[in-house]
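>
Number of protein chains: 2
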Amino acid sequence: MSTTTLLLQLIVILGTARVCGWALRHLGQPSVVGEMAAGMLLGPVVMGALLPEVHGQLFAKATLGGLSALSTVGLVLFMFVIGLELRAHQGVRQQLRAAGYVGVISTIVPLVLGVALAPVLHPALVPAGIGFWPFALFLGAALSITAFPVLARILKDRGLSTTAFGQLSLSAAAVVDVVAWIVLAFVVALAGAGEGYDALLKITVGAVLLAGLVYGLLRPFFAWLLRTHAPDGEPSTTVLASLMIGLLGCALLTEWLHLHAVFGAFLFGTCLPRDDRLLRSLAQRIEPLSIVVLMPLFFALAGLSTSANAFSNASLGAMLLILAAATFGKIGGGLAGARLAGYGWRDSLATGSLMNARGLMELIVIKVGLDAGLIGPELFTMLLVMALATTAMTGPLMNLIGGRVVAAHGTTASLATEPGPREA
Amino acid sequence: MSTTTLLLQLIVILGTARVCGWALRHLGQPSVVGEMAAGMLLGPVVMGALLPEVHGQLFAKATLGGLSALSTVGLVLFMFVIGLELRAHQGVRQQLRAAGYVGVISTIVPLVLGVALAPVLHPALVPAGIGFWPFALFLGAALSITAFPVLARILKDRGLSTTAFGQLSLSAAAVVDVVAWIVLAFVVALAGAGEGYDALLKITVGAVLLAGLVYGLLRPFFAWLLRTHAPDGEPSTTVLASLMIGLLGCALLTEWLHLHAVFGAFLFGTCLPRDDRLLRSLAQRIEPLSIVVLMPLFFALAGLSTSANAFSNASLGAMLLILAAATFGKIGGGLAGARLAGYGWRDSLATGSLMNARGLMELIVIKVGLDAGLIGPELFTMLLVMALATTAMTGPLMNLIGGRVVAAHGTTASLATEPGPREA
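As given, the protein sequences belong to chains W and A, one line each in that order. Going by this note's numbering, the first sequence opens with residue 17, and the numbers climb by one from there. Going by this note's numbering, the second sequence opens with residue 17, and the numbers climb by one from there.
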């Protein structure tokens with residue numbers, strides 16, 4: 017019976033994800049928007065309301081353990097490849113100053129706006145036992161995310177990858193990744209360890225030890241292993257298994273430090289040698305199953321964690337506030353940063369609009385917050401809708417701005433076609 | 017907490033599998049023997065006896081749902097690739113008569129010996145509620161398995177793939193796969209549906225409908241899909257997702273028919289177009305994660321299902337009987353078949369010895385039997401030990417026979433080196 021349920025859940029989830037991905041791609045959206053929407057459709061808000069009995073049977077709480085394990089493995093693999101890619105991305109060094117301006121300012125502005133919103137949202141939406149500051153800082157961190165992968169995808173689909181603002185926003189997104197994830201890790205650790213001086217000390221010591229272990233020990237070890245056992249960048253079964261054990265070990269260590277497995281996975285990805293062949297061959301081995309089979313399960317579980325309360329009249333105002341703070345904070349911050357770095361208005365606006373795509377990364381962040389008890393299902397739902405909306409608006413915004421920007425760079429914009437394996 | 021447990025289980029299992037695989041490879045064994053042994057080590061017989069508290073905490077019954085889901089997905093993916101490979105293997109048509117003799121006789125002899133053993137084993141080892149014939153036929157089917165993948169691996173490692181008896185045993189193993197799995201499906205369905213005329217009718221109708229669906233509907237559909245959307249044999253994300261949905265759908269249908277998901281997965285693999293590029297690109301996308309990460313979980317769960325009772329004095333006799341029936345039945349049957357087909361004594365003996373390798377396939381079969389309630393943990397353990405022993409003896413037996421056979425074919429035998437991604 018349990019195998020039957022699991023297979024049925026997998027079929028329904030993969031089927032819905034593909035249909036929605038396909039439908040939204042025909043509307044010019046990256047298919048990750050469709051897959052995120054598929055997760056919402058399978059949750060209590062849509063399927064649970066339309067087919068309550070089927071939904072209750074198919075996704076009964078007691079049957080979700082298997083999906084959850086598959087999704088955890090998928091998430092760890094996904095974040096590992098993100099870390100690898102971040103390291104392989106060379107742009108940051110080439111335009112450090114501009115990427116720094118855009119990255120830092122477009123992180124700080126939505127972060128501050130998020131913290132500023134917290135006193136308004138706190139009374140109604142904070143879970144029991146969570147203090148004001150962890151809640152406020154998490155909200156800020158959640159608003160400050162940019163999705164490096166979906167951004168790369170949008171640029172590639174439109175032939176904008178080699179434009180100045182395209183390169184700039186990619187590099188800035190890499191900076192945001194680092195800054196926002198450090199803030200987030202800090203907040204989550206704070207929530208797990210409690211507030212106060214002792215907790216701060218614990219987090220700091222833990223983080224230093226972890227960084228020392230990963231960069232002082234694992235980095236040289238795996239550099240040696242890959243140099244001697246996979247000099248052509250093609251890891252054998254044994255090397256791949258060693259990488260997996262290292263990856264799972266880092267994920268486990270971060271869980272022990274009251275962080276979340278995704279941080280360790282990401283960190284481990286960044287410690288491997290910068291090698292395009294290695295990145296390509298690891299991505300070839302890891303991405304097909306994790307992107308096609310495992311990530312839709314993550315979206316579905318996120319959808320199952322949503323709450324219809326977020327769509328009540330009382331809550332819609334809060335949702336709009338969050339969406340506005342996220343959008344204006346991000347676009348404004350990106351625009352300001354690019355202007356400061358000497359870019360023209362149009363390129364700066366395009367950069368800001370691209371930084372606003374939050375994609376799957378935002379879902380990972382809010383899932384971390386939900387698991388850590390920093391937010392409840394209602395705020396989780398609002399942030400999920402915000403992630404969907406900001407990601408979906410990037411394409412149309414680029415259409416508005418893009419035509420002229422593209423003309424200025426002498427290439428033609430192409431609409432989204434069949435996408436590659438990943439876009440998040 | 018649950019994520020921590022899952023990560024810890026994954027690390028321990030993958031680590032043990034790699035260490036054992038590495039150790040046994042240095043003894044000239046294919047690493048799958050080591051990985052199977054690793055599963056036994058993690059079970060109650062070894063780790064459970066040495067470190068009962070750690071074992072009880074790490075592998076508590078309530079925490080195995082995640083591992084089980086991951087292992088199910090791994091198994092379905094694995095059997096799908098086996099089905100694909102069977103279809104791509106051209107040998108059977110080229111030497112239909114000889115492969116038929118070896119395949120059929122080396123299936124029937126151990127099957128008959130297994131049934132003959134059943135009256136001896138039945139009183140002590142049959143689970144409650146299972147009649148004599150399902151038990152006896154299952155035991156026969158379990159003894160009659162040959163592992164196509166591990167056989168291919170052993171031949172490749174020793175440079176014997178192109179020898180006459182190498183080709184013969186590969187083709188015969190393909191025949192065994194088909195015959196033994198049909199017998200097994202029949203037995204499992206019988207156990208699920210109950211004995212009697214009605215049950216037989218149900219099984220027959222279900223099997224005909226399933227075969228009609230897969231070969232009449234899915235086969236032309238996927239042939240068309242692959243021809244139009246992946247003419248270069250490189251499936252896109254969408255095509256890969258469609259294949260996964262078809263695969264999971266077939267697995268689900270067989271579960272509904274009181275069979276086991278592995279049958280549907282295997283059947284679906286055999287219905288795809290015979291195309292080497294497609295096989296290669298699908299294997300590249302599916303095998304790394306399923307072989308390196310997911311299959312060791314299957315071995316570990318098999319190990320956790322074993323029982324120390326199988327090693328009591330009272331049971332050792334039964335275990336030896338099973339081992340003898342399996343070994344002599346298979347080697348004798350293969351030898352007889354090859355002699356009948358006109359091969360010399362040495363080549364025939366080598367063929368029989370190769371057919372005796374049961375590898376991972378045997379574990380899948382006995383897991384099916386355990387899940388269906390046809391056997392209990394004690395007999396499961398005996399059959400697992402038999403699978404390990406028969407697979408491990410293939411290399412030494414080939415050393416005994418091989419030197420002369422190889423000389424007769426003018427090539428040199430090479431010992432096992434670093435193996436490729438799969439060997440089961």
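Don't be surprised by glycine CBs; every beta carbon is placed ideally from N, CA and C. This structure is a prediction, so every number in the text was calculated from the model and none was measured.
Helix, strand or coil: how does DSSP classify residue 275(W) here?
Three-state DSSP puts residue 275(W) in coil, outside helix and strand.
> Taking a contact to mean a Cβ-Cβ separation below 8 Å, would you say residue 262(A) touches residue 234(A) in this structure?
yes
> With a CB to CB cut of under 7 Å and the five nearest residues on each side skipped, what residues in its chain are close to residue 318(A)?
55, 379, 383 and 400
> Nearest-angstrom Cα distance between residue 255(W) and residue 78(A)?
32 Å
> Do residue 279(W) and residue 201(W) come within 8 Å of each other at the CB atom, strictly closer than that value?
yes
> Taking only three categories from DSSP, how would you classify residue 179(W)?
coil
> Measuring only the C-alpha atoms, how far is residue 265(A) from residue 52(A)?
About 29 Å.
> Within the continuous alpha helix (DSSP H) that includes residue 349(A), where are the two ends?
329–356
> What is the DSSP secondary structure of residue 302(W), counted as helix, strand or coil?
helix
> If I measure Cβ to Cβ from residue 168(A) and keep anything under 7 Å in the same chain, skipping five residues before and after, which residues do I get?
186
> Would you list, in chain order, the members of the stretch 232–266 of chain A that have their beta-carbon closer than 8 Å to a beta-carbon of chain W?
252, 253, 254, 256, 257, 258, 260, 261, 264 and 265
> From the beta carbon of residue 125(A), is the nearest beta carbon of chain W less than 8 Å away?
no
> Quick check on residue 459(W) - is its C-beta less than 8 Å from some C-beta in chain A?
Outside the displayed range of chain W (17 to 440) lies residue 459(W), so it cannot be described from this structure.
> Any C-beta of chain A sitting closer than 8 Å to the C-beta of residue 381(W)?
no
> Which first and last residues belong to the alpha helix (DSSP H) in which residue 312(A) is found?
311–320
> Could you round the C-beta distance between residue 133(A) and residue 341(A) to whole angstroms and report it? I think they count as a contact, below 8 Å.
6 Å
> Should residue 407(W) go down as buried or exposed, given a rule of 16 or more other Cβ atoms within 10 Å for buried?
buried
> Compare the C-beta of residue 81(A) against all C-beta atoms of chain W and say whether one is closer than 8 Å.
yes
> Going by other Cβ atoms of all chains shown within 10 Å of its Cβ, with 16 needed for buried, is residue 328(W) buried or exposed?
exposed
> Could you list which residues in chain A have their beta carbon closer than 9 Å to that of residue 20(W), in chain order?
268, 271, 272 and 277
> Would you say residue 128(W) faces chain A, with C-beta separation under 8 Å as the test?
Closer than 8 Å to the CB of residue 128(W) there is not a single CB belonging to chain A.
> Could you tell me which whole alpha helix (DSSP H) segments of length 4 or greater appear in the stretch 115–166 of chain A?
148–159
> What did DSSP end up calling residue 248(A) once you bin it into helix, strand or coil?
coil
> Less than 8 Å between CB atoms is the rule here; does residue 304(A) satisfy it with respect to chain W?
For residue 304(A), a Cβ of chain W is located within less than 8 Å of the residue's own Cβ.
> Under three-state DSSP, which class holds residue 372(W)?
coil
> Is there contact between the stretch 25–35 of chain W and the stretch 96–104 of chain A, where contact requires at least three CB pairs shorter than 8 Å?
no
> For residue 68(A), count neighbouring C-beta atoms within 10 Å of its own C-beta (all shown protein chains included) and say buried if the count is 16 or more, exposed if not.
exposed
> I'd like to check one pair, residue 402(A) with residue 339(A): are the Cβ atoms closer than 8 Å?
yes
> Taking C-beta pairs closer than 8 Å, name the residues in chain A that residue 300(W) reaches, listed in chain order.
The answer, in chain order, is 300 and 301.
> Check each candidate in 190(A), 151(A), 269(A) and 184(A) and name the one with the smallest Cα separation from residue 358(A).
184(A)
> State yes or no: is the C-beta of residue 301(A) within less than 8 Å of the C-beta of residue 304(W)?
Cβ atoms of residue 301(A) and residue 304(W): closer than 8 Å.
> Between the beta-carbon of residue 350(A) and the beta-carbon of residue 118(A), is there less than 8 Å?
If you check the CB distance, residue 350(A) and residue 118(A) come in under 8 Å.
> Assess contact between the stretch 282–292 of chain W and the stretch 234–246 of chain W, defined as three or more Cβ pairs (one per stretch) separated by less than 8 Å. Is contact present?
yes
> May I have a chain-ordered list of the alpha helix (DSSP H) segments no shorter than 4 residues that lie completely inside the stretch 31–85 of chain W?
Counting only runs of 4 or more, we get 47–57, 63–66 and 68–74.
> With DSSP as the reference, label residue 25(A) as helix, strand or coil.
Three-state result, residue 25(A): helix.
> Using CA coordinates, which residue listed in 246(A), 142(A), 47(A) and 121(A) is at the minimum distance from residue 293(A)?
246(A)
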